[in-house]
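Single-structure report; data block below.
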Amino acid sequence: KNQVEQSPQSLIILEGKNCTLQCNYTVSPFSNLRWYKQDTGRGPVSLTIMTFSENTKSNGRYTATLDADTKQSSLHITASQLSDSASYICVAPYSGGGADGLTFGKGTHLIIQP
Amino acid sequence: KAGVTQTPRYLIKTRGQQVTLSCSPISGHRSVSWYQQTPGQGLQFLFEYFSETQRNKGNFPGRFSGRQFSNSRSEMNVSTLELGDSALYLCASSPTPLEASTDTQYFGPGTRLTVL
């Protein structure tokens, strides 16, 4: 069964600090891995999309890494800001189509404190 | 360019009723997918339409159905509503089908459905 597991479930850090969120996936066949940011009451916004051949991709202060051998991805946030407070969701589509077109992690709820 | 729009934004229904939600994708996008989000289960994939054809379907009962029109607008229907159907329903659009695509998906703001 295709699964995506994220950790930690929630995280509180001080403004200006860095943090790393983890995502482990068991999706086959693998197509790509996506990270989304979801503010409370809004739809998710795409941060990065990584294919099998990419191991690092950045979007401003957000840097995602992918290790296809260990089936792990991480999202690193540098110099956090209050606006980074949100849920971060890891998503693994798979290329087989069918019933599990997209497999979502439960998300990491990040709170940035001033 | 206008983003993905969903109507209505909020909806209150009672058990046994049916509901239709609407999604207008970004202009030029032909893939529309639907998701259910609840605090307990997180985001779950419902189905995807591309060029008026359903391409993928998640593990939801047949009460959940959808369709896509020739202008790529999509509707989702839930019949015989249950209390557990209370959720945020999100739709997303992209230029190409989800399967093996690296195109960015753009989500709408969602429709908050409450079933009493």
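These protein sequence lines map, in sequence, to chains A and B.
The first sequence begins at 1280 in the numbering used here and counts up one residue at a time.
The second sequence begins at 658 in the numbering used here and counts up one residue at a time.
For glycine and all other residues, C-beta sits at the position ideal for the given N, C-alpha and C.
The structure presented is a predicted model; accordingly, all values stated were derived computationally and were not measured.
The beta carbons of A:T1299 and A:S1366 sit no closer together than 9 Å. Residue environment analysis places A:D1346 among the exposed positions, since fewer than 16 neighbouring C-beta atoms fall within 10 angstroms of its C-beta. Per DSSP, B:N713 is one residue of the beta strand (DSSP E) stretching across T710 to K714.
Closest option to B:I669, judged by alpha-carbon separation, among B:D742, B:P752, B:Y763 and B:Q701: B:D742.
Judged by beta-carbon spacing, A:T1349 lies beyond the 9 Å limit of A:T1335, meaning their Cβ atoms are not closer than that value. With respect to B:A744, B:T695 sits close: the two C-beta atoms are nearer than 9 Å. Within the model, the alpha-carbon separation for A:S1362 versus A:H1355 is close to 15 Å. Contact of A:N1311 with chain B by beta-carbon distance below 7 Å involves T759. With distances taken between CA atoms, B:G673 lies nearest to B:T737 out of B:T737, B:T753 and B:I683.
For a Cβ distance threshold of 7 Å, residue set G699 of chain B lies close to A:K1385, ordered along the chain.
At least one CB atom of chain B sits nearer than 9 Å to the CB of A:I1368. Taking CB atoms only, A:S1307 has no neighbour in chain B less than 9 Å away. The beta carbons of B:S751 and B:S690 sit closer together than 9 Å.
Listed in chain order, the beta strand (DSSP E) elements of length 3 or more contained wholly in the region 662-749 of chain B are 662-664, 667-670, 676-681, 688-695, 699-707, 710-714, 721-725 and 731-735. Proximity of chain B to A:S1325 at the Cβ level (cut-off 9 Å) is accounted for by T761, Q762, Y763 and F764, in chain order. Note on geometry: alpha-carbon atoms of A:G1386 and A:S1359 lie some 18 Å from one another. Looking at the DSSP output, A:Q1392 shares a beta bridge with A:L1293.
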